[in-house]
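4 protein chains.
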Amino acid sequence: MSLNKVILIGNVGKDPDVRYFDSGAAIASFPLATSERGYTLANGTVIPERTEWHNIVVRRDLVSFVEKWVKKGSGLYVEGKIRTRNYDDQNGIKRYVTEIHADRIEFYNNGSRPADSSTTQASTNTGNNMTQPVQPNTGYQQGGTTLQSPTAPFSESNEADDLPF
Amino acid sequence: MSLNKVILIGNVGKDPDVRYFDSGAAIASFPLATSERGYTLANGTVIPERTEWHNIVVRRDLVSFVEKWVKKGSGLYVEGKIRTRNYDDQNGIKRYVTEIHADRIEFYNNGSRPADSSTTQASTNTGNNMTQPVQPNTGYQQGGTTLQSPTAPFSESNEADDLPF
Amino acid sequence: MSLNKVILIGNVGKDPDVRYFDSGAAIASFPLATSERGYTLANGTVIPERTEWHNIVVRRDLVSFVEKWVKKGSGLYVEGKIRTRNYDDQNGIKRYVTEIHADRIEFYNNGSRPADSSTTQASTNTGNNMTQPVQPNTGYQQGGTTLQSPTAPFSESNEADDLPF
Amino acid sequence: MSLNKVILIGNVGKDPDVRYFDSGAAIASFPLATSERGYTLANGTVIPERTEWHNIVVRRDLVSFVEKWVKKGSGLYVEGKIRTRNYDDQNGIKRYVTEIHADRIEFYNNGSRPADSSTTQASTNTGNNMTQPVQPNTGYQQGGTTLQSPTAPFSESNEADDLPF
DNA sequence: TTTT
DNA sequence: TTTT
Chain A
1 MSLNKVILIG
11 NVGKDPDVRY
21 FDSGAAIASF
31 PLATSERGYT
41 LANGTVIPER
51 TEWHNIVVRR
61 DLVSFVEKWV
71 KKGSGLYVEG
81 KIRTRNYDDQ
91 NGIKRYVTEI
101 HADRIEFYNN
111 GSRPADSSTT
121 QASTNTGNNM
131 TQPVQPNTGY
141 QQGGTTLQSP
151 TAPFSESNEA
161 DDLPF
Chain B
1001 MSLNKVILIG
1011 NVGKDPDVRY
1021 FDSGAAIASF
1031 PLATSERGYT
1041 LANGTVIPER
1051 TEWHNIVVRR
1061 DLVSFVEKWV
1071 KKGSGLYVEG
1081 KIRTRNYDDQ
1091 NGIKRYVTEI
1101 HADRIEFYNN
1111 GSRPADSSTT
1121 QASTNTGNNM
1131 TQPVQPNTGY
1141 QQGGTTLQSP
1151 TAPFSESNEA
1161 DDLPF
Chain C
2001 MSLNKVILIG
2011 NVGKDPDVRY
2021 FDSGAAIASF
2031 PLATSERGYT
2041 LANGTVIPER
2051 TEWHNIVVRR
2061 DLVSFVEKWV
2071 KKGSGLYVEG
2081 KIRTRNYDDQ
2091 NGIKRYVTEI
2101 HADRIEFYNN
2111 GSRPADSSTT
2121 QASTNTGNNM
2131 TQPVQPNTGY
2141 QQGGTTLQSP
2151 TAPFSESNEA
2161 DDLPF
Chain D
3001 MSLNKVILIG
3011 NVGKDPDVRY
3021 FDSGAAIASF
3031 PLATSERGYT
3041 LANGTVIPER
3051 TEWHNIVVRR
3061 DLVSFVEKWV
3071 KKGSGLYVEG
3081 KIRTRNYDDQ
3091 NGIKRYVTEI
3101 HADRIEFYNN
3111 GSRPADSSTT
3121 QASTNTGNNM
3131 TQPVQPNTGY
3141 QQGGTTLQSP
3151 TAPFSESNEA
3161 DDLPF
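So the protein lines, in turn, are chains A, B, C and D.
1 is the number of the first residue of the first sequence in this note's numbering; add one for each residue after it.
1001 is the number of the first residue of the second sequence in this note's numbering; add one for each residue after it.
2001 is the number of the first residue of the third sequence in this note's numbering; add one for each residue after it.
3001 is the number of the first residue of the fourth sequence in this note's numbering; add one for each residue after it.
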């Protein structure tokens, strides 16, 4: 009986870092900022704006989407789960990093049109013989039965799960 | 083992309808629109934009917040649950209406400042000796106006925010 | 700027109804119950348990998963969006039905093992040369680039969107 | 334009740590485990069960609820937001800790009755002249103990539930 | 450190 | 390091 669900809307702090492995697996990562606006209490205390930075990690078929479309400054909707991994730093001390493993990423309109969870899947599932827009109509999500093709066996994606980042 | 959770971001279709009852109870309701943007398929088929209208229902202490701040056109973040009620129409036929009973409402910036789930509760808890902004800094959720009582001033809660634990 | 997101955990009220169309499109639907438990107020008033029924609608690649695994009584985690459609009843009166269009379905352990959003996608993305378990390890979700195969063109899935159920 | 939302269902790893400050502020914290079940890939690779530990932090009026009811082993539903804070360790090196600041906590039935987001608020708002159950009927959320004031008894809010609007 |  |  368990659920681990994260929903974020925020802005990308810098261009994604994308890495490919010999196994064929790939991983992308980038920082995403969410902000709480500041306010003033009744007693005059000023609570300043506060920005939270999230480490977004992307695997499998989401990687190519991120590599192609996500840039510094992009406004994104991200769904995923929390994962904390640990590693030993240069002093042999165990350190922890918490990341958001994304299952779904959508562009969250920078001023223009609305986005919706439904549209996303639809317009995503294209990208073939269609002329690509300068910005994607929508987003992307993990999943899909056909990922298990011989050229991208599922086990690889999961081996990547054990990589130290 | 049950969960019934709805998260919406959209725009208010018309000014809320607010009703008060002899019992002291109050209820507010208004339509909220969420939109999926349209797109064009690879084969040229045009899928038009689609707007979904949700009946938002508000009770208890959220009512006064809605009455005061929510207007036609307001951009809102709404959390709640789905409820379908039925009634007999003029022909004695049972009819069903599905509504979203809101547990939490926040203003979702119309172009200006960001909002965050945390800020909301804070700046909501106003209504005392504080000069009211023209638009609320934030939103509201079920429960909690009385946090800003003299015995538990809000600033204290926030001082705790800086404690190393 | 829009979001329409529903998260439900509940039990299936009866075996899914599955329909196939000449276009190749398919649709499955079933009722899902979520329950609020009853309680007694301080003044002695008894608030009884309340069950909410949701109309779950499933399309595309989720259909075969549902047809194969989902049964009356199944405990499910469902993510999706709200959609209200209308039709004219036998008296020519416009009637409305609100449905949850599922983007993701997972089995939510009936007493046994925990489920998690991540696991789900993983164990789902198999189903090839693997011997099938009596009950799936997990669930399923919409998406996947390769859905747009010639035998299941995307436009068909969307034509189904206009069907009266 | 920002959202930072976490939804967890899991089990408490040890009894909460509760601290009170001179200011009157209080804070509670405890670890919560979510688990992904293991599975076997088509190629025979065994992916073991994986447990994720979350640091839950609770403030304000949620603290007393946690102190009273939450124990090691408790099955909880937790809603909140992600926050990462940093501090300098004994070697003067900056370290980071990511925590989930809870806005809402509910008991998630250990085998028995269902829970629902609505019920929660209701049965929570007790703590007056009512005999307390051994385990709370439900959960709690930020804000709102004072709803059960004489001028706004909870039963009234619920009578409104039956009004045709 | 929890649960199944 | 992003956005407003």
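Beta carbons: idealized from backbone N, C-alpha and C, even for Gly.
In this text, all values refer to a predicted model and were calculated from it rather than measured experimentally.
Beta-carbon within less than 7 Å of residue i's beta-carbon, same chain only, minus the 5 sequence neighbours each way: which residues are those?
{"i": "Thr-131(A)", "result": "With a pLDDT of only 37 at Thr-131(A), under 50, the local geometry of the prediction cannot be trusted, and the value read off the model is given with reservation. Nothing meets the Cβ criterion."}
{"i": "Lys-94(A)", "result": "Asn-86 and Asp-88"}
{"i": "Leu-1041(B)", "result": "Ile-1047"}
Could you give the DSSP three-state label for residue i: helix, strand or coil?
{"i": "Glu-67(A)", "result": "helix"}
{"i": "Asp-61(A)", "result": "helix"}
{"i": "Arg-3113(D)", "result": "Confidence is the limiting factor: at Arg-3113(D) the pLDDT is only 40, short of 50, which leaves the residue's position unreliable, though a coordinate-based value still follows. In the structure shown, Arg-3113(D) sits in coil (DSSP, three-state: anything other than H, G, I, E or B)."}
{"i": "Thr-3045(D)", "result": "coil"}
{"i": "Ser-1002(B)", "result": "coil"}
{"i": "Gln-3090(D)", "result": "coil"}
{"i": "Lys-1000(B)", "result": "Residue numbering for chain B in the displayed model covers 1001 to 1165; residue 1000(B) lies beyond these limits and cannot be assessed."}
{"i": "Tyr-2096(C)", "result": "strand"}
{"i": "Val-12(A)", "result": "strand"}
{"i": "Tyr-2108(C)", "result": "coil"}
{"i": "Gly-3075(D)", "result": "strand"}
Do residue i and residue j have their C-beta atoms within less than 8 Å of each other?
{"i": "Thr-3166(D)", "j": "Glu-52(A)", "result": "Here chain D comprises residues numbered 3001 to 3165, so residue 3166(D) is not present and cannot be evaluated."}
{"i": "Asn-2004(C)", "j": "Ile-2082(C)", "result": "yes"}
{"i": "Glu-2957(D)", "j": "Glu-3067(D)", "result": "An answer regarding residue 2957(D) cannot be provided, because it is not within the stretch 3001 to 3165 covered by chain D."}
{"i": "Ile-56(A)", "j": "Phe-30(A)", "result": "yes"}
{"i": "Val-1097(B)", "j": "Pro-1016(B)", "result": "no"}
{"i": "Gly-3073(D)", "j": "Met-1(A)", "result": "no"}
Kindly indicate the opening and closing residues of the beta strand (DSSP E) around residue i.
{"i": "Ala-28(A)", "result": "26-36"}
{"i": "Tyr-20(A)", "result": "17-20"}
Short of 6 Å in beta carbon distance, which residues of its chain neighbour residue i, apart from the five on each side in sequence? Order them along the chain.
{"i": "Tyr-3077(D)", "result": "Ile-3009, Glu-3106 and Tyr-3108"}
{"i": "Ala-3033(D)", "result": "Gly-3010, Asn-3011, Gly-3013, Thr-3051 and Trp-3053"}
{"i": "Gln-1090(B)", "result": "none"}
Can you list, in chain order, the residues of its chain with a C-beta nearer than 8 Å to that of residue i? Leave out the 5 residues immediately preceding and following it.
{"i": "Gly-38(A)", "result": "Val-46, Ile-47, Pro-48, Glu-49 and Arg-50"}
{"i": "Ile-3100(D)", "result": "Val-3006, Leu-3008, Leu-3032, His-3054, Asn-3055, Ile-3056, Val-3057, Val-3078, Gly-3080, Lys-3081, Ile-3082 and Arg-3083"}
{"i": "Arg-1019(B)", "result": "Ala-1026, Ile-1027 and Ala-1028"}
{"i": "Gly-92(A)", "result": "none"}
Taking contact to mean 3 or more Cβ pairs, one atom from each stretch, closer than 8 Å, check whether the stretch 58-75 of chain A and the stretch 20-27 of chain A are in contact. yes
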